[in-house]
Ligand code: XMP
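Numbering (the UniProt record's numbering), first residue to last: 8 to 519.
Listed below in structure tokens is the structure:
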């Protein structure tokens, strides 16, 4: 395995991801706990991450001596490179300007990290983000590549198998970065690269058992992929010590609630409390039209219901959540200051403290596509695992204006037709998210010989990699007109269909 020592970079998790992609198990430890993790893991190689501090500061983080003296291969990134030079007898100085963003490096010499990739004399794109820079090398190191702002953009000590770089190979803006990590773990550390999601499953199961012991765990199911995968994994680890609670707010898509209940009860035989509280939610939403008021009411009511159920079950010390890595990074402000709330996201935040429970979050290191892979590994059906994301507040935020049971039913039908057409056209997996929105606008139409006066339905479909930015999906006109015709013919209450052409930004994906 590989130990990744975290000096606080925003993108350290991406290093772990690249190492996993190369088929090698890795764990991240904060620099302050790195010596202990090293002792426990007995890794075959070390990666030192970047970080926001300066090695020139008296109390800037340091690489533990155990690691420096271990004789193991080391790959050091950005701050890691600077710390290495600082501690081994090189020199680091504050840069006058720094380099931030896309940069180009000139390769001056061969290096095992470049195997099958880069050659001396070539120029390659990388991603830089640094103020300080290395200005003199420690004994035993040779320069391998340079950039305009970093004379020692890549350096090597072949005898000690230490390789260090100023740029960030883990981000996608360094197009060859993933291969640099692969060369490190395979060619330098000599690891076979046979680690898989099946191994992850085994490791996590051990970890869950160690954390929970003989305690009881409660897991809130949302109907979505993340909480379902977390629940199935935890159930595999601790069986009947887990109880799932499905708070059914009545704002799900067509057939979705039934699907979740049957999947858990029949397919997995996991104890499930299905709490149908649609009346409570719809009652509370009556007369509410402000988007934030809807979100806050739903979030709060969800927690109230969940808490009451958890009390009823009684005695659980642990709360399980399907938190993913992007939820973890998004919750940290990049500027260090408070960030603007665009929308109050629905989750069960606040609940663990209120109920004095500890969190079990086995998916914290994973990205959405990795969760899907783990879901398949656990035997969840493909249609379930591959499902588009669905927001916690459900259809309530796809019905601008007042939400009523009748309007939810109309929207469910239109949405199901739209998604069926998308699946039939083979486009479902090419789209990040597609859904219908029911507008609080009525327009005049003519059907047969009669006048109609009904609601407008808007269709939305976007491509995205993480939901943070999105592009509209460019359907052809024939496809859209087929959807419009079917929805108007088959759904009573809708007589006009429009397509939303707004990217994110400036729009958000959901309408509220
Ligand atoms: P927006 O509308 O902010 O959505 O562009 C980005 C992604 O987040 C989903 N979304 C939510 N997911 N709870 C969630 O779990 C929420 O309250 C919530 N609001 C939006 C949205 O569906 C899209 O995938």
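Beta carbons are placed, not taken as given, at the ideal position from N, Cα and C, and that holds for glycine.
Using DSSP with H/G/I as helix, E/B as strand and the rest coil, what is residue i?
i           : result
residue 168 : coil
residue 105 : strand
residue 16  : coil
residue 252 : strand
residue 10  : strand
residue 162 : strand
residue 188 : helix
residue 338 : Here residue 338 scores only 48 on pLDDT, less than 50, and its place in the model is too uncertain to base an answer on.
residue 521 : Because the chain in this structure spans residues 8 to 519, residue 521 falls outside the shown range and cannot be described.
residue 174 : coil
residue 383 : helix
residue 85  : coil
residue 51  : coil
residue 459 : strand
residue 95  : helix
residue 131 : strand
residue 281 : strand
residue 259 : coil
residue 375 : helix
Closest to residue i by C-alpha separation, out of the options, would be which residue?
i           : options               : result
residue 504 : 486, 511, 514 and 517 : 486
residue 413 : 481, 67, 55 and 258   : 258
residue 490 : 479, 464 and 517      : 464
residue 244 : 211, 288 and 460      : 211
residue 50  : 479, 36, 435 and 150  : 36
residue 112 : 159, 93, 81 and 94    : 159
residue 325 : 52, 20, 475 and 249   : 249
residue 140 : 332, 125, 156 and 459 : 156
residue 219 : 318, 236, 241 and 207 : 241
residue 7   : 93, 73 and 437        : Since the displayed the chain opens at 8 and closes at 519, residue 7 lies outside it and no answer follows.
residue 270 : 118, 401, 424 and 235 : 235
residue 329 : 367, 317 and 91       : 367
residue 434 : 481, 474 and 419      : 481
residue 495 : 418, 181 and 369      : 418
residue 441 : 307, 516 and 455      : 516
residue 71  : 61, 60 and 91         : 91
Report yes if the C-beta of residue i is less than 7 Å from at least one heavy atom of the ligand XMP; otherwise report no.
i           : result
residue 329 : no
residue 398 : yes
residue 302 : yes
residue 474 : yes
residue 307 : no
residue 511 : yes
residue 470 : no
residue 440 : yes
residue 516 : yes
I'd like to know whether the C-beta of residue i is nearer than 8 Å to at least one C-beta of chain D.
i          : result
residue 46 : Absent from the structure is chain D; it holds one protein chain and no more.
| message | Quick test of the definition: if touching needs 3 or more C-beta pairs under 8 Å, does the stretch 129-137 touch the stretch 93-107? | response | As far as the Cβ criterion goes, the stretch 129-137 touches the stretch 93-107, which means the pair count is three or higher.
| With contact counted as at least three CB pairs below 8 Å, one residue from each stretch, are the stretch 194-209 and the stretch 221-232 in contact? | Per the Cβ contact rule, the stretch 194-209 is not in contact with the stretch 221-232 (fewer than 3 Cβ pairs under 8 Å).
| query | How about the stretch 456-475 and the stretch 436-448: do they share at least three Cβ pairs that are nearer than 8 Å? | reply | A contact exists between the stretch 456-475 and the stretch 436-448.
| Does the stretch 9-29 touch the stretch 79-95, meaning 3 or more C-beta pairs lie closer than 8 Å? | The count of Cβ pairs closer than 8 Å, one atom from the stretch 79-95 and one from the stretch 9-29, reaches three, so the stretches are in contact.
| Cβ contact check for the stretch 281-288 and the stretch 247-265: 3 or more pairs under 8 Å | Because the criterion of three Cβ pairs below 8 Å is met, the stretch 281-288 and the stretch 247-265 touch.
| So, do the stretch 28-35 and the stretch 92-102 have three or more beta carbon pairs nearer to each other than 8 Å? | No: the two stretches stay apart, fewer than three of their Cβ pairs being nearer than 8 Å.
| query | Taking three-plus beta-carbon pairs below 8 Å as touching, is the stretch 410-429 in contact with the stretch 308-326? | reply | Not touching, per the Cβ criterion.
| Inter-stretch contact (C-beta, 8 Å, three-pair minimum) for the stretch 140-152 and the stretch 114-126 | The stretch 140-152 and the stretch 114-126 touch, with no fewer than 3 CB-CB distances between them shorter than 8 Å.
| request: Indicate whether the contact test is met: 3 or more Cβ pairs, each with one atom in the stretch 73-83 and one in the stretch 44-62, closer than 8 Å. | output: Contact between the stretch 73-83 and the stretch 44-62 is present, because at least three Cβ pairs lie under 8 Å.
| request: Report yes or no: do three or more beta-carbon pairs, one from the stretch 262-281 and one from the stretch 375-383, lie closer than 8 Å? | output: Output reads no: the stretch 375-383 does not touch the stretch 262-281.
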